[in-house]
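Undergrad: Those sequence lines, one after another, are chains H and V.
Using my numbering, you'd call the opening residue of the first sequence number 12 and step up by one each time.
Using my numbering, you'd call the opening residue of the second sequence number 740 and step up by one each time.
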Amino acid sequence: MDQVDFNAPHSMGTTIIGVTYNGGVVLGADSRTSTGVYVANRASDKITKLTDNVYVCRSGSAADSQVVSDYVRYFLHQHTIQLGQPATVKVAANLVRLLAYNNKNNLQTGLIVGGWDKYEGGQIYGVPLGGTIVQQPFAIGGSGSSYLYGFFDQAWKEGMTQEEAEELVKKAVSLAIARDGASGGVVRTVIINSEGVTRNFYPGDQLPIWHDELESHNSLLDILGAPEPMNI
Amino acid sequence: MTKSLDVPPKGGFSFDLCRRNDMLEKKGLKAPTYLKTGTTIVGLVFKDGIILGADTRATEGPIVADKNCEKIHYMAPNIYCCGAGTAADTEAVTDMVSSQLQLHRYHTGRESRVVTALTLLKRHLFNYQGHVSAALVLGGVDITGPHLHTIYPHGSTDTLPFATMGSGSLAAMSVFESKYQENLTREQGVKLVVEAICAGIFNDLGSGSNVDVCVITKGNKEYLRNHLTPNPRTFVNPKGFTFSKKTEVLSTKIIPLKEKVEVIEGDAMEE
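1) G894(V) versus chain H: which residues are under 7 Å apart at the beta carbon?
2) My output table needs one value for M171(H): the three-state DSSP class, helix, strand or coil.
3) Which of the residues in the region 35-51 of chain H, read from start to end, lie with their CB under 9 Å from any CB of chain V?
4) For G878(V) versus I789(V), is the C-beta distance shorter than 7 Å?
5) If you run the structure through DSSP and keep just helix, strand and coil, what is L875(V)?
6) Can you look up R844(V) in the DSSP assignment and give me helix, strand or coil?
7) Quick check on DSSP: helix, strand or coil for F980(V)?
8) Would you kindly report the start and end of the unbroken beta strand (DSSP E) that includes M814(V)?
9) Count the other C-beta atoms from every protein chain shown that fall within 10 angstroms of the C-beta of Q77(H), then say buried if there are 16 or more, exposed otherwise.
10) What in chain H is Cβ-close to F915(V), meaning under 8 Å?
11) How many angstroms separate the CA atom of Q173(H) from the CA atom of G132(H)?
12) Out of I92(H), D75(H), R43(H), I203(H), which has the shortest C-alpha to C-alpha gap to L110(H)?
13) Does the CB of D787(V) have a neighbour CB from chain H at under 7 Å?
14) Chain H beta carbons: is any one of them nearer than 7 Å to that of F941(V)?
15) Out of P214(H), D41(H), A150(H), state which residue places its alpha-carbon closest to the alpha-carbon of R190(H).
16) Does the beta carbon of F752(V) sit closer than 7 Å to a beta carbon anywhere in chain H?
17) Going by DSSP, what residues sit across from P885(V) in a beta bridge?
18) Hey, does M740(V) have any beta-carbon neighbour from chain H nearer than 7 Å?
19) Hey, G39(H) and V180(H): beta-carbon distance below 7 Å or not?
20) I want to verify the contact list: residues of chain V whose CB lies under 7 Å from the CB of S154(H), in sequence order.
21) Mapping DSSP to helix, strand and coil, what is M904(V)?
22) Using the three-state DSSP reduction, which class does S753(V) fall into: helix, strand or coil?
23) In whole angstroms, what is the alpha-carbon distance linking K182(H) and V30(H)?
24) Here's the rule: buried if 16 or more other CB atoms are within 10 angstroms of the residue's CB, otherwise exposed. What is N113(H)?
25) Can you give me the Cβ contacts of V198(H) inside the same chain, cut-off strictly under 7 Å, excluding the 5 residues immediately before and after it?
26) Cβ atoms of S194(H) and R43(H): under 7 Å apart, would you say?
27) Output the boundary residues of the alpha helix (DSSP H) element that contains Q147(H).
28) I want to verify the contact list: residues of chain H whose CB lies under 7 Å from the CB of F865(V), in sequence order.
29) DSSP on G1005(V), reduced to helix/strand/coil?
30) Can you give me the Cβ contacts of D787(V) inside the same chain, cut-off strictly under 6 Å, excluding the 5 residues immediately before and after it?
31) Any beta carbon of chain H sitting closer than 7 Å to that of D897(V)?
32) Tell me whether P885(V) is buried or exposed, calling it buried when 16 or more other Cβ atoms sit within 10 Å of its Cβ.
33) Can you tell which of V880(V), T855(V), R849(V), P892(V) has its C-alpha closest to the C-alpha of Q868(V)?
34) Do the CB positions of V852(V) and D881(V) come within less than 7 Å of each other?
35) Would you please verify whether the beta carbon of R758(V) is less than 7 Å from any beta carbon of chain H?
36) In the structure shown, what three-state DSSP assignment does D951(V) receive?
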């Protein structure tokens, strides 16, 4: 009766990316959450706020990554009160790492922590499955990241501008969406720098077309009239 | 007369019947499966608030155990929750969080918020690592506005403008994806919800019978139980039912308890 197993863990197939540029970081992600082969949420937001200046990209089990980010947000809030100033990205990433490492047998989530603080500027930390913490100039994660290693080897360069960095992230996520069945939906980006945080949203029609893909026509976007992105 | 010691009953589970159950199972008798709600449950956000919808069939394997069960559970005066999955789990978890919310209301003196219910539910489900098989659509209107969330058995949540869960969710989602728009009126919203549930009732074997709808707006809620009954009984015996063997009443004695209880105004207990 059921081809769709609703008791299958809710996992985010996912493509997540974090990239530093000269002034801050750009985080990017797709928006597909799948339960087995069914897309449970086609417009999810995988870039979650931890503090005003630190965000985390979540991949893997939706439940595990939500719980970890909830706990870290709570610890960081207390830490900020005790410290008297905004938490650094390094502290945020290490709190994530401690939870991921100490509960490695019960968690299945890969995270990319990115943000800006006044001491070190923009930083990206990858916290993959086992709970390692690795600071990198750029990090990729999720099932769609497999298709991006070669792309980044060729396209990444030091000292990009904000526009170049966001363009790179947008291009990379859309490439991964084109090839990875478990990634899809829209591309969300978050830019964090000394001035603050900017959230952007790119629906399918604003993404480049790749080899073999066709322009859409008579899509729901045309029939129903382009809706405003939902403010969730 | 055999002398038997008066042993006070021991606490805990009595394993006496387990040997018998094992023997029965070896003989081929299958234990009854737990009651699942095959289910189609939906929710959507409309102009003034939230509309929740559900079918009313509860299944035990291939058999319909309850043709008219209630899947829209009360959480708070302004929050309702549809439940799919194991009926006992959805009932228990929504009852538990509903009473936690009431205690919280007494504690804070404020109307409950949907995110509070959401967090209590997701924490509980995560702690049980998916073994509490409850997939929920939680909706309500609080001081911060209307909110609609889906909660999965493993504890993950999504916040959406329209949502469907249960075995009939694909049929219902197809209706929502083609016809949902922002800022629907109440009539349009209820019509869309009914259409989505009917898609589940008629196309999914695990869903059936009637449509329940619940409309929640700021300061008001309407629980429309059996809003639509598209599956009446085809053949109804015109004679009706008579239960011939009646229990004979031998005598009646009514004791009003008020006279038995003395209300004493007194001081607090003193040692």
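Note that beta-carbon positions come from the ideal geometry of N, C-alpha and C, so glycine has one too.
Being a predicted model, the structure only gives us computed values, none of them experimental.
TA: Considering the structure as presented:
1) As a first step, residue 894(V) is located in the second sequence; it is residue number 155 there, counting from the start. A74, V78, listed in chain order.
2) Along the first sequence, one-based indexing puts residue 171(H) at 160. DSSP places M171(H) outside both helix and strand once states are collapsed to three, so it counts as coil.
3) Per Cβ criterion, the list reads T44, T46, Y49, A51.
4) Residue mapping note: residue 878(V) aligns to position 139 of the second sequence, counting from 1. Residue mapping note: residue 789(V) aligns to position 50 of the second sequence, counting from 1. Contact check for G878(V) against I789(V) passes: the beta carbons are separated by less than 7 Å.
5) Within the second sequence, numbered from 1, the residue matching residue 875(V) stands at position 136. Strand, per DSSP.
6) Mapped onto the second sequence, residue 844(V) falls at position 105. Secondary structure at R844(V): helix, using DSSP grouped into helix, strand and coil.
7) The sequence position of residue 980(V) within the second sequence is 241, counting from 1. DSSP places F980(V) in coil when its eight states are reduced to three.
8) By 1-based counting over the second sequence, the position of residue 814(V) is 75. Unbroken beta strand (DSSP E) run through M814(V): 811-815.
9) The residue labelled residue 77(H) in the question sits at position 66 within the first sequence. By the neighbour-count rule (16 or more Cβ atoms within 10 Å), Q77(H) is buried.
10) Translated into positions along the second sequence, residue 915(V) becomes position 176. Result: empty, since nearest Cβ-Cβ is about 12 Å, beyond 8 Å.
11) Numbered from its first residue, the first sequence carries residue 173(H) at position 162. Numbered from its first residue, the first sequence carries residue 132(H) at position 121. The straight-line gap from Cα to Cα measures roughly 14 Å.
12) Sequence index remark: in the first sequence, residue 110(H) carries index 99 (1-based). Selected option, being the one with the closest Cα: D75(H).
13) For the purposes of this step, residue 787(V) is taken as residue 48 along the second sequence, with counting starting at 1. Answer no: the Cβ-Cβ gap between D787(V) and chain H never drops below 7 Å.
14) Along the second sequence, read from residue 1 onward, the residue named residue 941(V) stands at position 202. Judged by the 7 Å Cβ criterion, F941(V) is not in contact with chain H.
15) Your numbering for residue 190(H) matches position 179 in the first sequence. Nearest C-alpha to R190(H): D41(H).
16) For the purposes of this step, residue 752(V) is identified with residue 13 of the second sequence, where counting begins at 1. It does not: the Cβ of F752(V) has no partner Cβ on chain H nearer than 7 Å.
17) Residue numbering aside, residue 885(V) sits at position 146 when the second sequence is read from its first letter. DSSP output for P885(V) lists V880(V) as bridge partner(s).
18) On the second sequence, residue 740(V) is found 1 positions in, with the first residue counted as 1. Only weak support is given to the placement of M740(V): the predicted model assigns it a pLDDT of 45, under 50, and the value that follows is read from those uncertain coordinates. It does not; no Cβ of chain H falls within 7 Å.
19) Translated into the one-based positions of the first sequence, residue 39(H) becomes position 28. Translated into the one-based positions of the first sequence, residue 180(H) becomes position 169. Yes, Cβ-Cβ distance for G39(H) and V180(H) is below 7 Å.
20) Against the first sequence, residue 154(H) aligns to sequence position 143. Near S154(H) there are no residues of chain V at all, since even the closest Cβ is about 17 Å away, more than 7 Å.
21) Translated into the one-based positions of the second sequence, residue 904(V) becomes position 165. Strand at M904(V).
22) Within the second sequence, residue 753(V) is the residue found at index 14, counting from 1. Judged by DSSP in its simplified three-state form, S753(V) adopts coil rather than helix or strand.
23) Residue mapping note: residue 182(H) aligns to position 171 of the first sequence, counting from 1. Residue mapping note: residue 30(H) aligns to position 19 of the first sequence, counting from 1. Each residue's Cα considered, the two are about 13 Å apart.
24) Translated into positions along the first sequence, residue 113(H) becomes position 102. So N113(H) counts as exposed.
25) Indexing the first sequence from 1 puts residue 198(H) at position 187. Around V198(H): G39, D41, K181, V184, S185, Y213, L218.
26) The count along the first sequence starts at 1 and reaches residue 43(H) at position 32. The count along the first sequence starts at 1 and reaches residue 194(H) at position 183. For R43(H) and S194(H), yes; Cβs fall inside 7 Å.
27) By 1-based counting over the first sequence, the position of residue 147(H) is 136. Where Q147(H) is concerned, there is no enclosing alpha helix (DSSP H), although the beta strand (DSSP E) it sits in stretches over 145-147.
28) As a position in the second sequence, residue 865(V) is number 126, starting the count at 1. Those within 7 Å of F865(V) in chain H are A74, V78.
29) Position 266 of the second sequence, counted from the start, is the residue given in the question as residue 1005(V). In the structure shown, G1005(V) sits in coil (DSSP, three-state: anything other than H, G, I, E or B).
30) Taking the first residue of the second sequence as position 1, residue 787(V) is located at position 48. These residues qualify, in order along the chain: T956.
31) Within the second sequence, the letter at position 158 stands for residue 897(V). Look at D897(V): its C-beta is under 7 Å from a C-beta on chain H.
32) Along the second sequence, one-based indexing puts residue 885(V) at 146. With 16 or more Cβ atoms within 10 Å of its Cβ, P885(V) is classed as buried.
33) For this step, residue 868(V) is matched to residue 129 along the second sequence. Sorting V880(V), T855(V), R849(V), P892(V) by C-alpha distance to the C-alpha of Q868(V) places P892(V) at the top.
34) Looking up residue 852(V) in the second sequence gives position 113. Looking up residue 881(V) in the second sequence gives position 142. What sits at residue 852(V) in the sequence shown is Arg, not Val. Yes, the pair counts as a contact, with Cβ atoms nearer than the cut-off.
35) To locate residue 758(V), count along the second sequence from 1; it is residue 19. Not one chain H Cβ lies under 7 Å of R758(V).
36) The residue labelled residue 951(V) in the question sits at position 212 within the second sequence. Look at D951(V) here: in three-state DSSP terms it is strand.
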